[in-house]
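Participant:
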Amino acid sequence: MDLEKNLEPPEAIRSLRMKMPASYADMEADAMKTVETILTPYPKARRIWDLLTRDEEVAAYWRMANFFTVRRLGMNDHGEVHAKIATASALTILSLLIDAGIQPDVVESGAGDQDDAAVVVLSAMLCHDFGNAVHREAHQDISVPIALPVLNRLLPGIYPEAGRRAEILSFILSAIYTHHAEPPALTKEAAIVCIGDSSDMTKGRGRMAFDAGSITIHTVSALSIEAVEIRPGCERPVEIRILMSNSAGIFQVQEVLGRKVAIGPLKEYVDVIAIVRAGDGEERILDGITMRDGRCLPFKKE
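According to the numbering used here, the sequence shown is numbered sequentially starting from 1059.
1. Can you tell me where the alpha helix (DSSP H) holding residue 1187 begins and where it ends?
2. What's the C-alpha gap between residue 1376 and residue 1312?
3. The beta strand (DSSP E) with residue 1335 in it runs from where to where?
4. Between which two residues does the alpha helix (DSSP H) carrying residue 1207 extend?
5. Between residue 1061 and residue 1350, what straight-line distance do the alpha-carbon atoms span, to the nearest angstrom?
6. Within the same chain, show all residues whose beta-carbon is closer than 7 Å to that of residue 1156, passing over the 5 residues directly before and after it, in chain order.
7. Indicate the three-state DSSP secondary structure (helix, strand or coil) for residue 1227 in the structure shown.
8. Could you check how far apart the C-beta atoms of residue 1124 and residue 1113 are, in whole angstroms? I think they sit under 8 Å.
9. According to DSSP, which residues form a beta bridge with residue 1259?
10. One question on the structure: do residue 1240 and residue 1198 come within less than 9 Å of each other, judged by their Cβ atoms?
11. Got a sec, what are the start and stop residues for the alpha helix (DSSP H) residue 1089 sits in?
12. If you follow the beta strand (DSSP E) that residue 1301 is in, where does it begin and where does it stop?
13. Can you tell me which of the three DSSP states residue 1150 falls into?
14. Once the 5 residues before and after residue 1175 are set aside, which same chain residues still bring their CB inside 7 Å of it?
15. Quick check on residue 1324: does DSSP put it in helix, strand or coil?
16. Is it buried or exposed, residue 1098, if we count other Cβ atoms within 10 angstroms and call 16 or more buried?
17. Per DSSP, residue 1287 forms a beta bridge with which residues?
18. Looking at C-alpha atoms only, which residue of 1215, 1132, 1193 and 1128 is the closest neighbour of residue 1108?
19. Using only the alpha-carbon positions, how far apart do residue 1085 and residue 1258 sit?
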């Protein structure tokens, strides 16, 4: 099966197209375009996007998160580029769910509308890894008190009413706290952030750590991921398709992304499909897998 020929471009303009990214920087540029497209009808979300991505304090936390994770621990990127790519993925998932008639919990709870849901998703996504600027251990716990004063400084310009602002902030902090799936997400918005975080798994993200000499199952698996596409699914509203050059990529799919989908409130709405396209000399162990309800199933060729 030739994945690139058989994957039709998604009809929804907000879906990410399946393509082979030239570089991690190109992925960041594409992510920025995706975010701008999705936020067109959402003025509040567009405002907080501009405020957070241009804020000096936010930029400093991104830099320090990468200092500790990449340079000290030999891990994948956890800084600005990762935050923006993951935000594009998360907003794409949010859009696909809304298009399918699935309302965010911000809307169902009466706390806000779809614009507010976008504020929650992108704010949590941009701030979720701040805790890595202190330490990797329990970083999701640490991210909350670091992000809180930043959000308290920026959100009043969008939500002047203290009560409304507190409700939106509660959703954001909940999503930050559960982005590592420990503990599991409690809202759809938090689950979107959790899944969006792990959807940034291509080899570009793992290149920095690998080039620095970190050779682990995490970095080798990441280097096996060629491309990720988030698109409308055939059976479920969201389908995440992953193209791998090597079966080692299964680790990223099963242990990271698949686990987050399986234990969250979006498990009935998201399918994960990973397909192997082995290169010359690579022994093909399997053609691919489908992750559904926490189970790893063989991918069946059409």
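Every residue, glycine too, gets a C-beta built ideally from N, C-alpha and C.
Facilitator: Let me spell this out:
1. The residue given as residue 1187 occupies position 129 in the sequence shown. Per DSSP, residue 1187 belongs to no alpha helix (DSSP H) and is neither H nor E.
2. The chain is shown only over 1059 to 1360; residue 1376 falls outside these bounds and no answer can be derived.
3. Taking the first residue of the sequence shown as position 1, residue 1335 is located at position 277. That residue, residue 1335, is in no beta strand (DSSP E); it is neither H nor E in DSSP.
4. If you number the sequence shown from 1, residue 1207 lands on position 149. Start and end: 1197-1212.
5. Here residue 1061 is taken as the residue at index 3 of the sequence shown, counted from 1. Here residue 1350 is taken as the residue at index 292 of the sequence shown, counted from 1. Only weak support is given to the placement of residue 1061: the predicted model assigns it a pLDDT of 36, under 50, and the value that follows is read from those uncertain coordinates. If you take the alpha carbons of residue 1061 and residue 1350, they lie about 20 Å apart.
6. On the sequence shown, position 98 is the one that residue 1156 refers to. Hits under 7 Å: 1172.
7. Counting from 1 along the sequence shown, the entry for residue 1227 is found at position 169. Residue 1227 falls in the helix class under three-state DSSP.
8. Within the sequence shown, residue 1124 is the residue found at index 66, counting from 1. Within the sequence shown, residue 1113 is the residue found at index 55, counting from 1. In fact, because the Cβ distance is near 17 Å, the residues do not count as touching under 8 Å.
9. On the sequence shown, residue 1259 is found 201 positions in, with the first residue counted as 1. Answer by DSSP bridge pairing: none, since residue 1259 is not bridged.
10. Taking the sequence shown and counting its residues from 1, the one referred to as residue 1240 is at position 182. Taking the sequence shown and counting its residues from 1, the one referred to as residue 1198 is at position 140. Yes, the pair counts as a contact, with Cβ atoms nearer than the cut-off.
11. Translated into positions along the sequence shown, residue 1089 becomes position 31. Note, residue 1089: alpha helix (DSSP H), 1082-1096.
12. Translated into the one-based positions of the sequence shown, residue 1301 becomes position 243. Residue 1301 -> beta strand (DSSP E) spans 1296-1302.
13. Residue mapping note: residue 1150 aligns to position 92 of the sequence shown, counting from 1. Here residue 1150 sits in helix by DSSP.
14. If you number the sequence shown from 1, residue 1175 lands on position 117. Closer than 7 Å at Cβ, skipping near neighbours: 1152, 1162, 1164, 1165 and 1247.
15. On the sequence shown, position 266 is the one that residue 1324 refers to. Of the three classes helix, strand and coil, the one that applies to residue 1324 here is coil, per DSSP.
16. One-based indexing of the sequence shown puts residue 1098 at position 40. It counts as exposed.
17. Mapped onto the sequence shown, residue 1287 falls at position 229. For residue 1287, which the question treats as bridged, DSSP gives the partners 1299.
18. For this step, residue 1108 is matched to residue 50 along the sequence shown. Comparing Cα positions, the closest option is 1215.
19. What you label residue 1085 is simply residue 27 of the sequence shown in a count that begins at 1. What you label residue 1258 is simply residue 200 of the sequence shown in a count that begins at 1. C-alpha separation (whole angstroms): 10 Å.
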